[in-house]
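Below is one structure, written out as structure tokens; the observations come after it.
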Amino acid sequence: TQLLEQSPQFLSIQEGENLTVYCNSSSVFSSLQWYRQEPGEGPVLLVTVVTGGEVKKLKRLTFQFGDARKDSSLHITAAQPGDTGLYLCAGLPSNFGNEKLTFGTGTRLTIIP
Amino acid sequence: DAGITQSPRYKITETGRQVTLMCHQTWSHSYMFWYRQDLGHGLRLIYYSAAADITDKGEVPDGYVVSRSKTENFPLTLESATRSQTSVYFCASGVSSYEQYFGPGTRLTVT
């Protein structure tokens, strides 16, 4: 089993601040996804990154895939209360034929108005 | 425009009973997945299916049975429910094994 460690587990910051959360592994992934989950709902896909070093932006969210495809980060600029939720990273292992996503345990983010 | 739906949304059952959780998607996605989400464990894959009549085990398949006779449906059956199967169950679908789209979940309590 390829593990994905997310840090921090919990983060509570004031509205308007910037933050970064991390997703790390010792294994290589062919792609990595970020999801956001709100209470009582299923995770919602935010982005997929597939190339080492790739950076994708989604409004105030910036996602980066590490050069070695073992880690990723999510940076939020000027956080808003609507950003509150559980952020999950998930990786598709690089070994051929493995179709099972590995999920991290998540970062629970709270933005205080 | 229903997307992916799960039923029931909430279920309470007794130990030893058989329970079936339903999942239906309207996108004609090839792949479908069942996960359970528990505090401290995150999302763990139970079973997945790459196409109708093709299923494979995930990380935690023991005690669960799946079938996929139609592309749009992927029911999950707990043959004899145990308290350790109390969890929130999510179904997902996708055109590939990544970029999955999740249903709203079923909260199952086994007493």
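Going line by line, the protein sequences match chains D and Y. Throughout, the working numbering is defined as the position within the first sequence, counted from one, plus 126. Throughout, the working numbering is defined as the position within the second sequence, counted from one, plus 1062. In this text, a Cβ means the ideal position worked out from N, Cα and C, and glycines have one as well.
For residue i, report the span of its beta strand (DSSP E) as first-last.
| i | result |
| --- | --- |
| D:Leu235 | Thr233 to Ile238 |
| Y:His1086 | Val1081 to Gln1087 |
| Y:Asp1118 | Ile1116 to Lys1119 |
Shorter than 9 angstroms from the beta carbon of residue i to some beta carbon of chain D?
| i | result |
| --- | --- |
| Y:Tyr1110 | yes |
| Y:Tyr1160 | yes |
| Y:Asp1118 | yes |
| Y:Phe1152 | yes |
| Y:Glu1121 | yes |
| Y:Phe1136 | no |
| Y:His1091 | no |
| Y:His1103 | yes |
| Y:Leu1107 | yes |
Among residues of its own chain, excluding the 5 on either side of residue i, which ones have a beta-carbon nearer than 6 angstroms to its beta-carbon?
| i | result |
| --- | --- |
| D:Glu164 | Gly211 |
| D:Val176 | Ser157 |
| Y:Leu1176 | Residue 1176 of chain Y lies beyond the residue range present for chain Y, which begins at 1063 and ends at 1173; the question has no answer from this structure. |
| D:Ser199 | Thr146, Tyr148 and Gln190 |
| D:Glu143 | Ala205 |
| Y:Asn1135 | His1086 |
Write down the C-beta distance between residue i and residue j rounded to the nearest angstrom, noting that I regard them as a contact closer than 8 angstroms.
| i | j | result |
| --- | --- | --- |
| Y:Ser1149 | Y:Gln1068 | Their Cβ separation, rounded to whole angstroms, is 13 angstroms, which puts Y:Ser1149 and Y:Gln1068 out of contact at 8 angstroms. |
| D:Gly168 | Y:Gly1120 | Not a contact, Cβ separation roughly 17 angstroms. |
| Y:His1086 | Y:Gly1156 | Incorrect: roughly 15 angstroms between the Cβ atoms, too far for contact. |
Which same chain residues, not among the five before or five after residue i, have their C-beta less than 8 angstroms away from its C-beta?
| i | result |
| --- | --- |
| Y:Arg1106 | Tyr1097, Arg1098, Gln1099, Asp1100, Gly1120, Glu1121 and Val1122 |
| Y:Val1145 | First, the amino acid is wrong: residue 1145 of chain Y is Arg here, not Val. Only Thr1077, Val1172 and Thr1173 meet the Cβ criterion. |
Keeping to the same chain, check which residues put their C-beta closer than 7 angstroms to that of residue i; ignore five residues upstream and five downstream.
| i | result |
| --- | --- |
| D:Thr174 | Ser157 and Gln159 |
So that I know if they touch, is there some Cβ in chain Y lying closer than 9 angstroms to that of residue i?
| i | result |
| --- | --- |
| D:Gln159 | yes |
| D:Glu180 | no |
| D:Ala194 | no |
| D:Gly166 | yes |
Query raised in the report: Can you give, in chain order, each stretch of the beta strand (DSSP E) that sits fully within the region 1111-1150 of chain Y and has at least 3 residues?
Result: 1116-1119, 1126-1128 and 1138-1140
Requested in this report: Note down, one range per segment and in chain order, each beta strand (DSSP E) of at least 3 residues found wholly within the region 133-196 of chain D.
Outcome: 136-140, 145-150, 155-163, 170-175, 181-184 and 187-191
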